[in-house]
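Here's the structure, in structure tokens; my notes come after.
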Ligand code: G4F
């Protein structure tokens with residue numbers, strides 16, 4: 004008998020990668036799309052063109068009854084809670100909605116599983132995040148954050164995710180549920196939304212190559228992230244739920260790179276060498292022909308910033324046999340190549 008999976012946030016970046024992975028593994032896949040949409044809604048139609056094997060469920064993370072009905076009907080073996088307000092910058096503008104969706108929404112999904120009488124059957128994955136660590140000097144180990152590192156979130160998003168992380172642990176301890184969190188460092192790819200810095204850069208580089216734009220505007224370019232490929236990370240999510248006992252894991256590459264380095268590599272893909280002049284808000288990236296390609300716009304700064312993220316995936320590698328396949332240059336290349344096609 005094939006297993007049944009239920010994915011919230013199925014139309015997000017990770018949702019798409021995971022739906023494909025689970026379908027390839029023979030799962031029957033259900034995915035939640037938010038709100039009162041019908042299957043005939045253009046957004047649902049577009050999604051189904053790419054993922055015809057996903058059974059769409061119209062429920063809402065803020066609505067416990069819709070989730071409970073879905074659990075009763077579907078009786079999933081595995082639930083992956085990927086839905087969230089996931090843009091850190093946006094969470095400063097709408098901290099309460101972020102708390103409701105990204106934080107309280109996790110309890111709604113856990114409660115729905117429990118109320119449907121599935122606490123002993125259904126395995127639950129929570130999408131926790133490296134944003135919970137906060138990147139502050141005092142809690143940053145030389146070898147990268149692990150499952151044991153201290154949390155100090157630096158955004159309403161990070162705070163809401165930390166609530167989701169602890170409530171997952173609480174349901175595991177209180178009700179004996181097979182509930183765990185994957186603490187994932189930044190993961191990107193050709194399904195990434197353009198509001199995130201990597202996709203914004205690769206999309207703009209492609210537009211510059213095709214003569215549609217002359218330069219890009221960015222915020223903090225000193226920020227460093229541990230960037231991996233989302234397609235590799237969903238395999239790790241699945242492996243976590245196949246363990247004998249529920250346990251949280253970090254997924255990361257173990258390397259960290261600045262936004263500036265990402266910019267340089269992306270421009271190299273279209274034959275432009277960027278050099279830098281000026282400082283802080285006056286910094287500019289100039290190509291070998293003297294044309295300004297990168298400017299700083301403080302509009303993209305955040306009220307509090309996570310300056311450096313570096314993860315240590317040793318436990319996941321040793322205990323789950325997980326490893327990433329795409330390295331940093333490979334990630335930049337695949338994203339630029341995709342955007343060169345899209346923007347052509
Ligand atoms: O791409 P970002 O918006 O991702 P961020 O904030 O690291 O969050 C992502 O990774 C988390 C895991 O650690 C996830 F939990 C979260 O959901 C999301 O997927 O920004 C990366 C860095 C930041 O330091 C930001 O300040 O890039 C800096 N940045 C500089 N200029 C910019 C820009 N970020 C964006 N989005 N846009 C800019 O123009």
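Residue numbers (my numbering): 4 to 347.
Every residue, glycine too, gets a C-beta built ideally from N, C-alpha and C.
Assumed close pair residue i, residue j - CB separation to whole angstroms, cut-off 8 Å
{"i": "residue 80", "j": "residue 125", "result": "7 Å"}
{"i": "residue 16", "j": "residue 194", "result": "4 Å"}
{"i": "residue 191", "j": "residue 232", "result": "7 Å"}
{"i": "residue 161", "j": "residue 255", "result": "About 16 Å; that fails the 8 Å criterion."}
{"i": "residue 315", "j": "residue 110", "result": "29 Å between Cβ atoms; not a contact."}
{"i": "residue 94", "j": "residue 159", "result": "4 Å"}
{"i": "residue 261", "j": "residue 227", "result": "5 Å"}
{"i": "residue 345", "j": "residue 265", "result": "No, residue 345 and residue 265 are not in contact; Cβ-Cβ is about 18 Å, not under 8 Å."}
{"i": "residue 319", "j": "residue 239", "result": "6 Å"}
{"i": "residue 308", "j": "residue 299", "result": "Residue 308 to residue 299, Cβ: 14 Å. No contact."}
{"i": "residue 2", "j": "residue 297", "result": "The shown model of the chain, from 4 to 347, leaves out residue 2, and the question about it has no answer."}
{"i": "residue 102", "j": "residue 187", "result": "Not a contact, Cβ separation roughly 20 Å."}
Proximal residues to residue i (C-beta, below 8 Å), its chain only, five neighbours per side dropped
{"i": "residue 324", "result": "242"}
{"i": "residue 112", "result": "11, 64, 70, 82, 84, 127"}
{"i": "residue 216", "result": "207, 210"}
Helix, strand or coil at residue i [DSSP, three-state]
{"i": "residue 176", "result": "helix"}
{"i": "residue 325", "result": "coil"}
{"i": "residue 28", "result": "coil"}
{"i": "residue 169", "result": "helix"}
{"i": "residue 6", "result": "coil"}
{"i": "residue 190", "result": "strand"}
{"i": "residue 207", "result": "helix"}
{"i": "residue 240", "result": "helix"}
{"i": "residue 183", "result": "strand"}
{"i": "residue 314", "result": "strand"}
{"i": "residue 19", "result": "helix"}
{"i": "residue 12", "result": "coil"}
{"i": "residue 344", "result": "helix"}
{"i": "residue 308", "result": "coil"}
{"i": "residue 219", "result": "strand"}
{"i": "residue 333", "result": "helix"}
{"i": "residue 157", "result": "coil"}
{"i": "residue 195", "result": "coil"}
{"i": "residue 286", "result": "coil"}
{"i": "residue 143", "result": "coil"}
Residue i classed as buried or exposed, judged by whether at least 16 other C-beta atoms fall within 10 angstroms
{"i": "residue 3", "result": "The structure shown does not extend to residue 3, since the chain is modelled only from 4 through 347, so no value can be given for it."}
{"i": "residue 119", "result": "buried"}
{"i": "residue 135", "result": "buried"}
{"i": "residue 229", "result": "buried"}
{"i": "residue 152", "result": "buried"}
{"i": "residue 269", "result": "buried"}
{"i": "residue 295", "result": "exposed"}
{"i": "residue 306", "result": "exposed"}
{"i": "residue 175", "result": "buried"}
{"i": "residue 326", "result": "exposed"}
{"i": "residue 76", "result": "exposed"}
{"i": "residue 3", "result": "With the chain represented from 4 up to 347, any question about residue 3 goes unanswered, as that position is not in the structure."}
{"i": "residue 212", "result": "buried"}
Neighbourhood of residue i by C-beta, 7 Å cutoff - its chain only, sequence neighbours within 5 removed
{"i": "residue 267", "result": "277"}
{"i": "residue 198", "result": "90"}
{"i": "residue 106", "result": "163, 166, 167"}
{"i": "residue 42", "result": "59"}
{"i": "residue 20", "result": "194, 233, 234, 237"}
Other residues of its chain near residue i: CB distance less than 6 Å, five sequence neighbours each side excluded
{"i": "residue 18", "result": "10, 12, 85"}
{"i": "residue 54", "result": "22"}
{"i": "residue 44", "result": "none"}
{"i": "residue 170", "result": "109, 110"}
{"i": "residue 37", "result": "63"}
{"i": "residue 98", "result": "159"}
{"i": "residue 50", "result": "14"}
{"i": "residue 224", "result": "262, 263"}
List, from N- to C-terminal side, the alpha helix (DSSP H) runs of 4 residues or more that fit wholly inside the stretch 93-137. 98-101, 108-118
Runs of 4 residues minimum, wholly inside the stretch 245-282: which ones carry the alpha helix (DSSP H) assignment? 262-271
Beta strand (DSSP E) runs wholly inside the stretch 51-96, at least 3 long, in chain order: Counting only unbroken stretches of 3 or more residues, the beta strand (DSSP E) elements lying wholly within the stretch 51-96 are 58-62, 81-84, in sequence order.
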